Amino acid sequence: MRVVGVVAASELADRGTIREAKDRLRGLGLDRIEVVTDPERAPEDPAVALVATGGTEDVLEALMERCPALLPLYWPRYNSLAAALEVGLSPVSVEDCGAVVEAFRRLVERKVLVLGGKCDWVRSVEPTELPYLNAIAVDVDELADVEPALREVRRLLSSAGVDVRSLDEGFLELAGRLHALAEREGAGVITGDCFGLYEEYGAVPCLYFSARGGYCCEGDATALLTVLACRRQPFVANVVEWEGERVRLAHCACPLELVEGPEPCDHLETGAPHAVRGCVGSGAFGLARYPEVWRVDVVGTSWREDQCRVQAEVRVSGFEPRGNHHCLVDRGEVGALEGLFSSVVLSRPPSAQ
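Per this note's numbering, residue 9 is the first one in the sequence shown, and the count goes up by one each step.
Okay, here's the thing in structure tokens:
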């Protein structure tokens, strides 16, 4: 799925204004640029739209209705901001929007492999039902027809510091099939019914996901939206304790570079191979689940046997859980996520519950 750059302009706009607006969008890497002055000509693609002038309210409403995902931009001229606010948009300034535009493009352009749909208990829409996601649905039983990429998976795990000699063969078969299928489909991110994979293969993909990156747990579309927007793979975690400013996060997959002394272990709920054990190292992070972002600090975490295998304790102000999975993200990505989440218009946003 490709992003179109739109110059939203009044029919009275002069050529110089149009030309400058188009140059601003090209400077963001958007090489397909359309000038829209007539609402009937609004595209039906994900769009980054610069409100070039006032008198564009009808065009903006058409973009909001037709585009599966819309990121509005404004500049401090020609009643640009006023027109955007008139129709309820919260646009990002074109003067400082590069990171937000990149996050938007990751959201709509990265290809997602959805295996078996979402887990039954996830209270969100199916990822493949969201028109702005570049998702492909695959049944779990289709994995049986894929030749496992065992050599590539062993190399991936070894390069991440995992001793593959001790790993369960069923896990390696599952990881090899997932890897081969993702490569075949050109998918950068994998999500879906992890427990359906366990029922079929007697193993879970947590350790593979932790080494590979590019994953979201359990087909949760709201968490997936957050993962896609991030530049680096976050820790997708359950909120397992919440008391004032103290929040504990835990899950059985986590990017290995975030974990202090990561060790392969069995998955908590199923006892299946293989998950990751350890604690996230202390530091400044963000905690995000669309449409909210919080600045948090991971503090010294004591590991507990009765919680999912990777754990983190954070201190955060003003936090209220938005559903289950929350993403512990690199602190440097907080600004881009805040800008994206506050401004983006989605044709069918996932439930935050």
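Backbone N, C-alpha and C define an ideal beta-carbon position, used for all residues, glycine too.
Nothing here was measured: the structure is a model prediction, and the numbers come from that model.
- Taking a C-beta distance under 8 Å as the contact criterion, VAL109 and VAL56 qualify as a contact pair.
- Under the 8 Å Cβ criterion, the stretch 348-360 counts as touching the stretch 91-100, having at least three qualifying pairs.
- Excluding sequence positions up to five before and after ALA168, its CB lies within less than 6 Å of the CB of ALA219 and LEU264, all in the same chain and listed in chain order.
- Distance from the Cα of PRO47 is smallest, within the candidate group GLU28, LYS30, CYS75 and LYS119, for CYS75.
- Taking 8 Å as the cut-off, the beta carbon of VAL122 is found closer than this to the beta carbon of ALA143.
- Here ASP53 is buried: its Cβ has 16 or more other Cβ atoms, across all protein chains shown, within 10 Å.
- Closest by C-alpha distance to ALA17, out of ARG303, GLU300, GLY63 and GLU28, is GLY63.
- In this chain, the beta strand (DSSP E) harbouring GLU321 covers 318-324.
- Residue range 243-251 is occupied by the beta strand (DSSP E) that includes PHE243, with no alpha helix (DSSP H) assigned at that position.
- Residue ranges of uninterrupted alpha helix (DSSP H) with 4 or more members, entirely inside the stretch 51-99 and ordered along the chain, are 65-74 and 88-94.
- Taking all protein chains shown into account, GLU253 has fewer than 16 neighbouring C-beta atoms within 10 Å of its C-beta and is therefore exposed.
- When DSSP states are grouped into helix, strand and coil, PRO281 belongs to the strand group.
- A residue is called buried when at least 16 other Cβ atoms come within 10 angstroms of its Cβ; TRP311 does not meet this threshold and is exposed.
- In the pairwise beta carbon analysis, the stretch 209-224 is classified as touching the stretch 282-293: at least three pairs are separated by under 8 Å.
- Considered as a whole, the stretch 171-237 harbours 197-200 as its complete beta strand (DSSP E) runs of no fewer than 3 residues, in chain order.
- Cα atoms of ALA91 and LEU276: separation of roughly 53 Å, rounded to the nearest angstrom.
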